[in-house]
Amino acid sequence: MDELRLKLAIQKSGRLTEPSLDLLVRCGLKISRGKDQLMAYGENMPLDVLFVRDDDIPDLVQEDVCDLGLVGLNVLEEKRLELASRGHAARFQQVRTLDFGRCRLALAVPDGASFEGPSSLRGKRIATTYPYLLEKYLRERDVCAEIVTLSGAVEIAPRLGRADLICDLVSTGSTLQANHLREVETVLESHAVLIRTPLDLPPLKDEWVQRLLMRIDGVQQVRESKYIMLHAPRSALGEIRKLLPGSESPTIIPLEGFPDRVAIHAVCRENVFWETLESLKKAGASALLVLPVEKMLA
Ligand code: ATP
Ligand code: ZN
């Protein structure tokens, strides 16, 4: 393998796969990938993508098989704690927080069961695939409970009589509902992160890491950003500027033939909702137009 090409590990098939590939495409990467292939070649950047199980991503970066990885904070933190329990420090650095893969590691009890805070967990059997994160949660609350470590299908453990409650990943809560479970406590708020090796990279590779980071920042800013244009009376400028969500100094343009009115153009770093437009209109704005932003480079 070419030593001067960056290697980035992403999940092969799962919840993080599509958003990870989408992020890379938005960063300008063109990859060729055959079906079921383990690796895809970056055609326009010296960057190759490895498709692996998400649980293997921290190790691949630790062991310098890959320089970068996209993985859930839940997997990363569990790994960090597992390493710490063996007296090892993690050899990966978290370099970006990403805006996808949002979920939480949560405790859930069977529908009828009562729960009055962490002390209710005393002596209970809790099924999870995240024993280290759960152990930390219990230790910090001074609660002694039995951790039942499973490799999957955690949500059916209570019905099978293997546990009294579970500690599992939740996003919408529909899986819990379908299994007659009720979410009671959050153990960890999670989202995808970008990790890199802490080792110094050769200058060419390092330059591409920096470029990728800048592009990721741009992509993430753009996702929420809108370009807004409107006409307004000069006298309402102050009020209108206050109403524009997350915008820096807007551009004010005089309107030919209307000395009292101006056009205002601004980039809003937050989504622009109907309510905002209605308030702007009330403040005297007209000809309101909201456009998506395609690319941004600070
Ligand atoms: P793999 O075969 O790669 O090990 P997996 O079954 O561990 O797959 P997925 O269920 O695809 O993985 O989840 C991958 C990651 O997606 C999780 O580690 C988590 O960071 C994130 N995620 C987001 N929402 C959820 C959710 N509702 N349930 C589980 N994971 C979620
Ligand atoms: Zn996994």
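Those letters in the sequence shown? Residues 1432 to 1729, by my numbering.
Note that the Cβ used here is the ideal one computed from N, Cα and C, for glycine as well.
Keep in mind the model is a prediction, meaning the values are calculated, not measured.
Counting only runs of 3 or more residues that sit fully inside the segment 1436-1486, the beta strand (DSSP E) segments are 1437-1442, 1470-1473 and 1478-1483, in chain order.
DSSP lists ARG1556 as the bridge partner or partners of GLU1577. In chain order, LEU1564 and LEU1619 place their CB closer than 7 Å to the CB of GLU1508, counting only its own chain and leaving out the 5 sequence neighbours on each side. If you ignore the 5 residues before and after VAL1492, its C-beta comes within less than 6 Å of the C-beta of GLY1500, PHE1523, ILE1626 and THR1628, all in its own chain and listed in chain order. GLU1434 and LEU1643 have their C-alpha atoms spaced approximately 18 Å apart. Cβ-Cβ distances below 7 Å link ILE1671 to ALA1663, ILE1695, LEU1711, ALA1714 and ALA1716 in the same chain, with the five nearest sequence neighbours on each side left out; the list follows chain order. For ARG1535, the enclosing beta strand (DSSP E) starts and ends at 1534-1541. For the pair LEU1596 and LEU1661, the CB atoms are not nearer than the 8 Å cut-off. In this structure, VAL1703 lies away from LYS1673, with their beta-carbon atoms at least 8 Å apart. Residue side-chain check: VAL1624 keeps its Cβ at 7 Å or more from all non-hydrogen atoms of ligand 1.
DSSP, read as helix, strand or coil, puts GLU1620 in strand. Two segments are said to touch when three or more pairs of C-beta atoms, one from each, lie closer than 8 Å; by this definition the segment 1720-1727 does not touch the segment 1679-1694. Under a 10 Å Cβ-count criterion, ASP1631 is classified as exposed, with fewer than 16 other Cβ atoms of the shown protein chains found around its own Cβ. Taking C-beta separations shorter than 8 Å and ignoring five residues to either side along the sequence, the partners of GLN1442 in its chain run THR1448, SER1451, PHE1482, VAL1483, ARG1484, ASP1485, ILE1488, LEU1501 and VAL1502, following chain order. Taking the C-beta atoms as reference points, VAL1601 is found nearer than 8 Å to LEU1607.
Rounded to whole angstroms, the Cβ separation of GLY1532 and ALA1623 is 3 Å, and the two are in contact under 8 Å.
Around the Cβ of LYS1461, a 10 Å sphere holds fewer than 16 other Cβ atoms; the residue is exposed.
Along the segment 1649-1726, the alpha helix (DSSP H) occurs as fully enclosed runs of 4 or more residues at 1668-1674 and 1705-1713, listed in sequence order.
Listed in chain order, the non-local C-beta contacts of ASN1505 below 8 Å within the same chain comprise CYS1534, LEU1536, TYR1561, LEU1564, LEU1600, LEU1619 and SER1621, local neighbours out to five positions each way being set aside.
Straight-line measurement puts the Cα of GLU1586 at about 15 Å from the Cα of GLY1543. For THR1603, there is no enclosing beta strand (DSSP E), as DSSP marks it with neither H nor E. These are the residues, in chain order, with a beta carbon less than 6 Å from any non-hydrogen atom of ligand 2: ARG1484, ASP1485 and ASP1486. Remark: the C-beta of VAL1506 is in contact range of ligand 1, defined as less than 7 Å to any heavy atom.
At the C-beta level, ALA1521 and LYS1510 come within 8 Å of one another. In the same chain as ALA1471, and ignoring 5 residues on each side of it, the C-beta atoms closer than 7 Å to its own belong to ILE1462, SER1463, ARG1464, ASP1479 and VAL1480, in chain order. About 19 Å separates the beta carbon of ARG1646 from that of CYS1497, a gap too long to meet the 8 Å contact definition. In terms of side-chain proximity, the C-beta atom of CYS1534 is found nearer than 7 Å to a non-hydrogen atom of ligand 1. Proximity to VAL1653 across ASP1530, THR1559 and TRP1705 peaks at ASP1530, based on C-alpha coordinates.
In this structure, GLY1503 has its CB closer than 7 Å to one or more heavy atoms of ligand 1. Inter-residue distance for LEU1720 and ASP1648 is about 25 Å (C-alpha atoms, whole angstroms).
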